[in-house]
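Data first, discussion second: the structure below is written as C-alpha cells.
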C-alpha cells in the first residue's frame with residue numbers, strides 16, 4: 161500500500177513540475193513579446209520597421225450606443241526555403257480593447273510557434289457584480305493552469321484584484337467564460353489569415 165501511495169505521489173509531483181515548467185516557458189515568451197511591442201513603440205523611422213496589423217471597429221449598437229474596438233495582431237515570419245519578398249507569417253500575439261456602453265474590456269492572446277493558443281488574459285467588467293481577471297496557460301491545447309481574480313464592482317477603480325481560484329484545470333463556475341475566450345482566440349486567428357490574404361503580393 162505504501163509503495164502504491166509513493167508511486168501516485170511521485171506521479172503527481174512529476175505532473176506538477178511539468179506544468180510549472182510549461183508555465184515558466186509561457187511567461188518567458190509573454191515577457192519577450194511585451195518587450196518587443198514596447199520597442200515597436202519607440203520606432204523612429206529606422207529599420208527594422210515594426211510589423212503588425214491594427215483593425216479598428218466603430219459601430220453603434222442598439223441599447224449600448226457607440227462601440228469602439230481596437231485590435232492589434234502581432235506576427236512573426238515563417239522561415240522559407242525560398243528567397244521571397246513576402247515570406248509567410250504566423251500569428252503570435254493579439255490584444256484587443258473595446259467597450260459596451262461605459263464598460264471597458266481588455267484581452268490578450270499569446271500563440272506558440274505552431275499557432276496554438278498558449279496563454280490568454282481577459283479583464284471583464286461588472287460580471288455577476290464583480291470585475292474579473294482571467295488567466296489561462298495551455299500546453300498542447302490543454303489547460304495547465306487557470307487563475308481567476310475579482311473585486312466587487314462597488315470598489316475603487318484602482319483597488320487590487322484578489323485571487324479566488326488558482327489551479328491546474330478550469331473550474332466549472334468559470335468554464336463558460338474561459339471557453340468563450342478560447343473561441344474568440346480562434347476568430348482572431350481567422351481575422352489574421354483574412355488580413356494576411358488580402359495584402360498585395
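Numbering (our numbering), first residue to last: 161 to 361. Glycine residues also receive a C-beta, built at the ideal position from the N, C-alpha and C atoms. None of the values given here were measured: they were computed from a predicted structure.
Three-state secondary structure assigned by DSSP to residue i
| i | result |
| --- | --- |
| residue 181 | helix |
| residue 346 | helix |
| residue 215 | strand |
| residue 284 | strand |
| residue 199 | helix |
| residue 304 | strand |
| residue 357 | helix |
| residue 236 | strand |
| residue 186 | helix |
| residue 338 | helix |
| residue 352 | helix |
| residue 191 | helix |
| residue 171 | Here residue 171 scores only 41 on pLDDT, less than 50, and its place in the model should not be relied on; the value that follows carries that caveat. If DSSP states are grouped into helix, strand and coil, residue 171 belongs with the helices. |
Residues sharing a beta bridge with residue i, DSSP
| i | result |
| --- | --- |
| residue 226 | 220 |
| residue 279 | 270, 297 |
| residue 311 | 291 |
| residue 231 | 215, 256 |
Residue interval of the beta strand (DSSP E) (run including residue i)
| i | result |
| --- | --- |
| residue 257 | 249-260 |
| residue 323 | 322-327 |
| residue 289 | Neither: residue 289 is in no beta strand (DSSP E) and is coded neither H nor E. |
| residue 271 | 263-271 |
| residue 317 | Where residue 317 is concerned, there is no enclosing beta strand (DSSP E), given that its DSSP letter is neither H nor E. |
Close-in-space but distant-in-sequence residues of the same chain around residue i (CB under 8 Å, 5 per side omitted)
| i | result |
| --- | --- |
| residue 327 | 305, 306 |
| residue 216 | 228, 229, 230, 231 |
| residue 203 | 209, 210 |
| residue 286 | 263, 313 |
Close beta carbons around residue i, own chain, < 6 Å, minus the five adjacent residues each side
| i | result |
| --- | --- |
| residue 411 | Because the chain here runs from 161 to 361, residue 411 falls outside it and cannot be looked at. |
| residue 362 | In the structure as shown, the chain begins at 161 and stops at 361. Residue 362 is therefore absent and cannot be evaluated. |
| residue 273 | none |
| residue 297 | 183, 186, 279, 304, 305 |
| residue 363 | With the chain represented from 161 up to 361, any question about residue 363 goes unanswered, as that position is not in the structure. |
| residue 341 | 280, 282 |
Sequence-distant residues of its chain with Cβ nearer than 7 Å to residue i (five each side left out)
| i | result |
| --- | --- |
| residue 260 | 224, 227 |
| residue 166 | Residue confidence is low: residue 166 scores 45 on pLDDT, short of 50, so the model does not pin down where it sits. No coordinate-derived value is stated. |
> Pairing CB atoms from the region 247-263 with CB atoms from the region 225-239, are three or more of them under 8 Å?
Replying inline: yes
>> Across the region 244-253 and the region 340-359, are there enough close Cβ pairs to call them in contact, namely three or more that are closer than 8 Å?
In response: yes
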